[in-house]
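To keep things clear, I will list the structure first and then write my remarks on it.
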Amino acid sequence: MGADLTRIDRSRQLYLAFAAVDREAVENLLAPEFSFHSPPDPQLDRAGYFERCWPHAGNGTEFEFVRLVEAGDEVFVTYEGTRRDGSRFRNTEVLRFAGDRIAEAEVYFGWDLPGR
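The sequence shown begins at 26 in the numbering used here and counts up by one.
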């Protein structure tokens, strides 16, 4: 990963690596103190994230980014995802950075979308 990548670039890479089941790339993007928050998992540390969330890697075969907005040390990401079965969904996430690595993710689940 080049040092010249922006936080928006790194945010985009996180989702693409998750979809590609590229754990090494995800590991390199996350800070050692990474924490993950979502309604079913309100407080996971890095190990908890890989235990609870990583088994779902690859379920979203495609991410279409609706918005990636950097504000301070955060990047707001809204995306539409397509699962292998063709079902679609939309979520927004807030990624907080510590330097060039993602230190925290807050997930706000959206809704299901009509299939293609």
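Built from N, CA and C at the ideal position, the CB exists for glycine as well. Keep in mind the model is a prediction, meaning the values are calculated, not measured.
With a cutoff of 7 Å on beta-carbon distance, residue 118 and residue 128 are scored as not near each other. For residue 106, the three-state secondary structure derived from DSSP is strand. With at least 16 other beta carbons inside 10 angstroms of its own, residue 51 counts as buried. Looking at 115, 69, 79, the one whose alpha-carbon comes closest to that of residue 42 is 79. For residue 53, the uninterrupted alpha helix (DSSP H) segment begins and ends at 48-54. A Cβ-Cβ distance of about 11 Å is found for the pair residue 55 and residue 38, leaving them out of contact under the 8 Å criterion.
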